[in-house]
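Below: one structure, written as structure tokens.
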Ligand SMILES: *[C@@H]1O[C@H](CO)[C@@H](O)[C@H](O)[C@H]1NC(C)=O
């Protein structure tokens, strides 16, 4: 009896193993931001209309959700860090270029060397960039192809020194500060402002 039970168990395990190895991959769970959450996260600063570099929250929403899904920003803290940094860096969705440095931009305002790291890590975008004349600014290629919401999302969890800090993001000011210092390194003088934005965003989303 014992032996029979064992055989049945082994057989069941074998079937389970086969089922597991042949089943379609389970899609990564994504957490889609709603327009009300984005508006609350922007703390009353949503641009009412899209024009030039300005994008309304309604028009930005699908791009933000696409970026969150594509780069698997799996936790609320990671999504909040991405959105807060983007809001802060883009003047609440008003800018796509740094007004002083033409090579710096996209919604999270990455400098060109960081945009280059982003492109290097994304083969399909690298292929796209290769179709442009060599003197075309990377920032403009990304913006013109509606890829301007992607670099910040990728960087949030996959940039240099970012994965460990991103994994620790739990909504507290301290983990955000550690992420910012090691992953974003954007200048000590703005930390308090950035952290305040992060707090509002984290409370506004799920
Ligand atoms: C959010 O908006 C309120 C009201 O305008 C303002 O007092 C507060 O400073 C804002 N918070 C942030 C983080 O910008």
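Residue numbers (mature numbering (1 follows the signal peptide of the UniProt record, and there is no 0)): -23 to -1, 1 to 183. Glycine included, C-beta positions come from ideal geometry on N, C-alpha and C. Since the structure is predicted, the reported quantities are computational estimates derived from the model, not experimental observations.
- Excluding five sequence positions before and after residue 17, the CB atoms of its chain that fall closer than 7 angstroms to its own CB belong to 181, given in chain order.
- Nearest to residue 44 by alpha-carbon distance, out of 8, 91, 69, 21, is 8.
- Under the 8 angstroms Cβ criterion, the segment 141 to 153 counts as touching the segment 52 to 63, having at least three qualifying pairs.
- In the DSSP assignment, residue 111 falls outside any alpha helix (DSSP H), carrying neither H nor E.
- The nearest non-hydrogen atom of ligand 1 is 7 angstroms or more from the C-beta of residue 44.
- With a beta-carbon spacing of about 19 angstroms, residue 173 and residue 160 fall beyond the 8 angstroms limit used to define contacts.
- A distance of 8 angstroms or more separates the beta carbons of residue 71 and residue 128.
- Residue burial is scored here from C-beta neighbours: residue 77 has fewer than 16 other C-beta atoms within 10 angstroms and is therefore classed as exposed.
- Shown here, residue 54 sits in a helix according to DSSP, grouped into three states.
- Judged by their CB atoms, residue 89 and residue 116 are nearer to each other than the 8 angstroms cut-off.
- For the pair residue 35 and residue 15, the Cα-to-Cα distance works out to about 9 angstroms.
- Excluding sequence positions up to five before and after residue 119, its CB lies within less than 6 angstroms of the CB of 83, 125, all in the same chain and listed in chain order.
- Take residue 20, set aside five residues on each side of it, and the residues of its chain with a beta-carbon closer than 6 angstroms to its own are 177, in chain order.
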